[in-house]
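Residue numbers (the numbering used here): 703 to 906.
And the structure:
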């Protein structure tokens, strides 16, 4: 078999293998001498260097591995480092807490508790998959009822809604926001909600 054919195969094998590939194993595939296999690998290594490729072949104890060139590490890190996501805004956390504790709940009920319109926040939470429509109220106009989703449970580290932090009355949380010192506030709820997965882009 021609040398160039074997070298081409070695290159493919390095790519697929991932870990350091022993020259002995590569030699066995073609039934050639280990010394000759090392020679071919080193020729490939020299060709990569001469061409200034972004990939290089690294040798260690007669094993060879494809690696990225060290001077390109900064750019590889930029690509591989995930963009840090924003946490939910205070208003989004407030609405989410109300839905979580009072579900099924209508938009009107949410707005009655918060005292302000919540259309955009509800829409944003729904787009994030944290809340969803769960039915219709029997009240006038049959408004939509909202509840939390499995995504909510997963993102905040709960297996079931029974694991939500204990709060006697969600309305007391609103009163706390208005200045009553003895009631828990939404920031405390947010802290309790947030587990390792508890980050999400601000829906507003």
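Ideal Cβ placement from N, Cα and C applies to all residues, glycine included.
Asked                                                                                                                                                  : Found
Apply the 10 Å Cβ neighbour rule to residue 883 and answer buried if 16 or more other Cβ atoms are within range, or exposed otherwise.                 : Its pLDDT being 41, under 50, residue 883 is placed unreliably by the model, and the measurement read from it follows with that caveat. It is exposed - the Cβ of residue 883 has fewer than 16 other Cβ atoms within 10 Å.
With DSSP as the reference, label residue 838 as helix, strand or coil.                                                                                : strand
At the level of alpha carbons, what is the spacing between residue 904 and residue 799?                                                                : With a pLDDT of only 40 at residue 904, under 50, the local geometry of the prediction cannot be trusted, and no value is derived from it.
CB residue 746 to CB residue 777, shorter than 8 Å?                                                                                                    : no
Any contact of the region 836-853 with the region 801-821, i.e. 3+ C-beta pairs under 8 Å?                                                             : yes
Is the beta carbon of residue 716 sitting closer than 8 Å to the one on residue 752?                                                                   : no
Assuming residue 735 and residue 729 make a contact with CB atoms under 8 Å, what is their CB distance in whole Å?                                     : 6 Å
Rank 738, 859, 732 and 810 by C-alpha distance to the C-alpha of residue 843 and give the top, closest one.                                            : 810
I'd like the list of long-range same chain contacts for residue 834, defined as Cβ closer than 6 Å, with 5 residues on each side in sequence excluded. : 851
In three-state terms, what does DSSP make of residue 849?                                                                                              : strand
In or out: residue 893 buried (at least 16 other Cβ within 10 Å) or exposed?                                                                           : Residue confidence for residue 893 is low, a pLDDT of 48 falling below 50, so the modelled location carries little weight; the figure read from the coordinates is stated next. Residue 893 should be labelled exposed.
Quick check on residue 783: does DSSP put it in helix, strand or coil?                                                                                 : coil
Can you tell me which of 855, 723 and 790 puts its alpha carbon nearest to the alpha carbon of residue 824?                                            : 790
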